[in-house]
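Counting with this note's numbering, you get residues 13 to 349 for the letters of the sequence shown. Below you'll find the structure, written out as structure tokens, and then a few comments.
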Amino acid sequence: MAVPILVTGAAGFIGFHVAWRLLQDGRDVIGIDNLNAYYDPKLKEARLAELTRHGKFRFYKLDLGDRDGMAALFADHGFAQVIHLAAQAGVRHSISAPHDYIDSNICGFLNVLEGCRHARTRHLLYASSSSVYGANTKMPFSVAQNVDHPLSLYGACKKANELMAHAYAHLFGLPVTGLRFFTVYGPWGRPDMAMWLFAAAILEGRPIKLFNGGNMRRDFTYVDDVAVAVVKLIDHAAQADTAWSGDDPDPATSRAPWRIYNIGNHTPVDLREVVRLLETVLGKTAIPELLPMQPGDVRETCADVEDLRKAVGFAPNTPIAVGIKQFVDWFRAYHGI
């Protein structure tokens, strides 16, 4: 068996799709996940059931915060490539349960970094988030922008991950690449995200909550595109930027082998347009409930993806209407509708 790629959060939404794409490409994959109850573990188990049908996939139930368990995992397998997608997700949950984010997204990430350092991992790819842009309003969001004004603890933790990764790249020469994901949606998605919440409410005849009176725009990014970008980048290890200058520091590169990329569709969509498309595909009319803006939320996101396109010759591009149709087809099948 070839040296496997480690995918943390393999039972999660993006982790599942990335692991599946790697397996389809003939790669050996070890997946870990703690299968927590942030949302229905049955969905996570169903994703795992799909992956475990593949002979090149092995799974370990393991929490990122288990320092000894993580050290043993790396010692046993000596991973050359690691794709770190496990995290406590959700902006709003970070307001009510902040300790979950420190335990998983800070302490857990440190255990991943330490594992990579001791295993002399050749490339660590890890999930950041568009939430790091926080109070920024200049569109599109660029990796060249300063991101020092987070609006949620979730966003602050993701920025902290980028800084921790840079320290390890600088101190130990660990090649690390951070990926700022923009509103990922699609089949096998998360029940706490807008696409699932809206579809379920429309089908059940319940009101759908539209915050800021529905005056919101998001860079909805189809999950298959995300998986393609991640798999292309894992073999494109971060390199030191020899032109980088501390006198005029580029926030997206470094003298260390450290890079940041946006992973987004670079086409913001009005939330009301998403509702309209869901109504069309589902064949039912939504009942909108207009609400004020929520704490920690932003009105608009849009990704500048030119750095990603230059690096791997690809950027997400699935039209929202196509992605929503694919999501609804899966949603109906999964729920037997």
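Just so you know, even glycine gets a beta-carbon here, dropped at the ideal spot from N, CA and C. None of the values given here were measured: they were computed from a predicted structure.
Would you grab the beta carbon distance between Asp309 and Val103 for me? Rounded to a whole angstrom, and I think it's under 8 Å.
Position 297 of the sequence shown, counting from 1, holds the residue named residue 309. Position 91 of the sequence shown, counting from 1, holds the residue named residue 103. Approximately 7 Å separates the beta-carbon atoms of Asp309 and Val103; this is inside 8 Å, confirming the contact.
Closer than 8 Å by C-beta to Asn123: which residues in its own chain qualify, once you throw out the five before and the five after it? Chain order, please.
Within the sequence shown, numbered from 1, the residue matching residue 123 stands at position 111. Answer for Asn123: Leu76, Gly77, Asp78, Arg79, Met82, Ala83, listed in chain order.
Round the Cβ separation of Phe326 and Ala241 to the nearest angstrom and send it over; I've been treating them as touching at under 8 Å.
The residue labelled residue 326 in the question sits at position 314 within the sequence shown. The residue labelled residue 241 in the question sits at position 229 within the sequence shown. Between Phe326 and Ala241 the beta-carbon gap is near 6 Å, inside 8 Å, which marks them as a contact.
From Ile107 to Phe343, what distance separates their C-alpha atoms?
For the purposes of this step, residue 107 is identified with residue 95 of the sequence shown, where counting begins at 1. For the purposes of this step, residue 343 is identified with residue 331 of the sequence shown, where counting begins at 1. So the alpha carbons of these two residues sit roughly 29 Å apart.
Return the first residue and the last residue of the beta strand (DSSP E) that Gly190 is part of.
Residue 190 sits at position 178 when you count from the first residue of the sequence shown. First-last of the beta strand (DSSP E) with Gly190: 188-193.
Residue of Pro280, Val324, Lys337, Arg267 minimising C-alpha distance to Gly295:
Counting from one through the sequence shown, the residue named residue 295 turns up at place 283. Sorting Pro280, Val324, Lys337, Arg267 by C-alpha distance to the C-alpha of Gly295 places Lys337 at the top.
Ile272 and Ala264: beta carbons closer than 8 Å?
Start at 1 with the first residue of the sequence shown, and residue 272 comes out as number 260. Start at 1 with the first residue of the sequence shown, and residue 264 comes out as number 252. For the 8 Å CB-CB criterion, Ile272 and Ala264 form a contact.
Of the choices Ala23, Ala49, Arg59, Thr64, whose alpha-carbon is the least far from that of Asp40?
Looking up residue 40 in the sequence shown gives position 28. If we check each option's Cα against that of Asp40, Thr64 comes out closest.
heavy atom of the ligand ADP below 7 Å from Phe86 C-beta:
The model depicted lacks the ligand ADP and carries no ligand whatsoever.
Could you check whether the stretch 210-228 touches the stretch 166-186, counting it as contact only if at least three pairs of C-beta atoms, one from each stretch, sit closer than 8 Å?
With the cut-off at 8 Å, the stretch 210-228 and the stretch 166-186 do not touch.
Of the residues Met305, Tyr145, Pro261, the one placed nearest Cys314, counting alpha carbons only
For the purposes of this step, residue 314 is taken as residue 302 along the sequence shown, with counting starting at 1. If you compare the alpha carbons of Met305, Tyr145, Pro261 with that of Cys314, the shortest gap goes to Tyr145.
Looking at Ala181: is its Cβ nearer than 8 Å to the Cβ of Trp270?
Start at 1 with the first residue of the sequence shown, and residue 181 comes out as number 169. Start at 1 with the first residue of the sequence shown, and residue 270 comes out as number 258. Closer than 8 Å, so yes.
Assuming Val287 contacts Ala298 (C-beta within less than 8 Å), just tell me the rounded distance between them.
Here residue 287 refers to the residue found at position 275 when the sequence shown is read from its first residue. Here residue 298 refers to the residue found at position 286 when the sequence shown is read from its first residue. Their Cβ separation, rounded to whole angstroms, is 5 Å, which keeps Val287 and Ala298 in contact under 8 Å.
Asn173, DSSP secondary structure in three states:
Taking the first residue of the sequence shown as position 1, residue 173 is located at position 161. Here Asn173 carries a helix assignment [DSSP, helix/strand/coil].
Which runs of the beta strand (DSSP E) at least 3 residues long sit entirely within the stretch 58-95? Give them in chain order.
Annotation: the stretch 58-95 contains the following complete segments of the beta strand (DSSP E) (minimum length 3 residues), in chain order: 69-73.
Cα-Cα separation between Arg70 and Ile118, rounded to whole angstroms:
Position 58 of the sequence shown, counting from 1, holds the residue named residue 70. Position 106 of the sequence shown, counting from 1, holds the residue named residue 118. Their backbone Cα atoms lie some 26 Å apart in a straight line.
Taking Leu137 as part of the beta strand (DSSP E), name the residues at either end of that continuous run.
Numbered from 1 along the sequence shown, position 125 holds the residue referred to as residue 137. If you look at Leu137, you'll find it in the beta strand (DSSP E) that goes 135-141.
Segments assigned alpha helix (DSSP H), at least 4 residues, entirely inside the stretch 191-238
Listed in chain order, they are 206-216.
Any contact between the stretch 45-56 and the stretch 124-139? By contact I mean 3 or more CB pairs, one from each, below 8 Å.
Contact fails: fewer than three Cβ-Cβ distances are below 8 Å.
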